[in-house]
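What follows is one structure encoded as structure tokens, with my remarks underneath.
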């Protein structure tokens, strides 16, 4: 296996940034934990994108694609149960700075083709998810307010997105 | 360089797993478990096991914490409705609601 070192060094940067984020996930207020969890998923997506290029395995990009789809949905579901998601500037600026900084060099390295399209799709999904979840949401309903009727589980994400 | 990445990911997994054990509140534990799923995904990717990492990503970072959060919400809701009125649970007709409310009442004692 021939690994290109530069991409792996680049992948180590967001990986090391996960260490202080872990502190906030473990020791923060519940709102802070949710923001830190959101930021951790964004950073992990960067690590996966860069390490896929570093290992010379383009199929590893599927991991980043799955994470880019799952991360905003999971964050919104958590926001529904924890009662709202605070606006987070750090997630927005990390996404706005990190996604072009990671995706554009990867696209240049990949050259035109199917892999570039995949990279652009992953970058767009990451950016859209980070912008939606960093805008914050207010608690729409108290989770313990309805006493008798169970809520339909399908409306959770739609309720959290408002 | 791969060794450094594996070492950092191993440290992340060890620290997150310890923190998940030391957290006692289930909702906070769910968030730490979600982070643990991410750390394990990165570790599996670095040791060249992307298939394991894919299933770990789906299960560990989404499904398991979501099930914990749903269970905690249902248990809390069942315990509060049981405190208000016992007849309300019987009127629902669902056997699962009555059983969960009973379990929640036992845990609350």
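Chains as they are written, first to last, in my numbering: chain A, 64 to 225; chain B, 718 to 826.
Beta carbons: idealized from backbone N, C-alpha and C, even for Gly.
Got a sec, what are the start and stop residues for the alpha helix (DSSP H) residue 101 of chain A sits in? 93 to 117
Output yes if chain B places a C-beta closer than 9 angstroms to the C-beta of residue 122 of chain A; else output no. yes
Apart from the five residues on each side of it in sequence, which residues of its chain come closer than 7 angstroms, Cβ to Cβ, to residue 88 of chain A? 96, 99, 100, 103
In the DSSP assignment, find the unbroken alpha helix (DSSP H) run with residue 74 of chain A in it and report its ends. 68 to 90
Since residue 769 of chain B meets chain A, which of its residues come closer than 8 angstroms, beta carbon to beta carbon? In chain order: nothing, as chain A lies at least about 11 angstroms away.
Check the Cβ-Cβ distances between residue 177 of chain A and every residue of chain B, and say whether any is below 9 angstroms. no
Is it buried or exposed, residue 83 of chain A, if we count other Cβ atoms within 10 angstroms and call 16 or more buried? exposed
Between the alpha carbons of residue 755 of chain B and residue 115 of chain A, how many angstroms are there, rounded? 16 angstroms
Measuring only between beta-carbons, confirm whether residue 195 of chain A sits less than 9 angstroms from chain B. no
Neighbour-count burial assignment, residue 70 of chain A, 16 or more Cβ in a 10 Å radius: buried
Look at the Cβ atom of residue 763 of chain B, then the Cβ atom of residue 85 of chain A, and state whether they are nearer than 9 angstroms. no
Candidates A:106, A:141, A:198, A:128: which alpha carbon is nearest residue 743 of chain B's? A:141
Can you have a look at residue 720 of chain B and say buried or exposed, based on whether 16 or more other CB atoms are within 10 angstroms of its CB? exposed
Taking 9 angstroms as the CB-CB cut-off, is residue 184 of chain A touching chain B? no
Using a Cβ-Cβ distance under 9 angstroms, would residue 784 of chain B count as near chain A? no
Going straight from the alpha carbon of residue 130 of chain A to that of residue 168 of chain A, what length do you get? 20 angstroms
Any chance the segment 187 to 199 of chain A sits against the segment 149 to 166 of chain A, with 3 or more Cβ pairs inside 8 angstroms? yes
Check each candidate in B:723, B:798, B:722, B:788 and name the one with the smallest Cα separation from residue 746 of chain B. B:788
Here's a check: name, in chain order, each residue in its chain whose Cβ is nearer than 7 angstroms to the Cβ of residue 186 of chain A, leaving out the five neighbours to either side. 162, 166
If we cut at 9 angstroms on Cβ distances, does residue 96 of chain A have a partner in chain B? yes
Contact under 9 angstroms by Cβ, residue 125 of chain A with residue 783 of chain B: no
Does the beta carbon of residue 161 of chain A sit closer than 9 angstroms to a beta carbon anywhere in chain B? no
Chain A contact for residue 741 of chain B (CB, 9 angstroms cutoff): no
Is the shortest distance between the beta-carbon of residue 727 of chain B and the beta-carbons of chain A less than 9 angstroms? no
For chain A, is any of its Cβ atoms less than 9 angstroms away from the one on residue 839 of chain B? Nothing about residue 839 of chain B can be read from this structure; chain B reaches only from 718 to 826.
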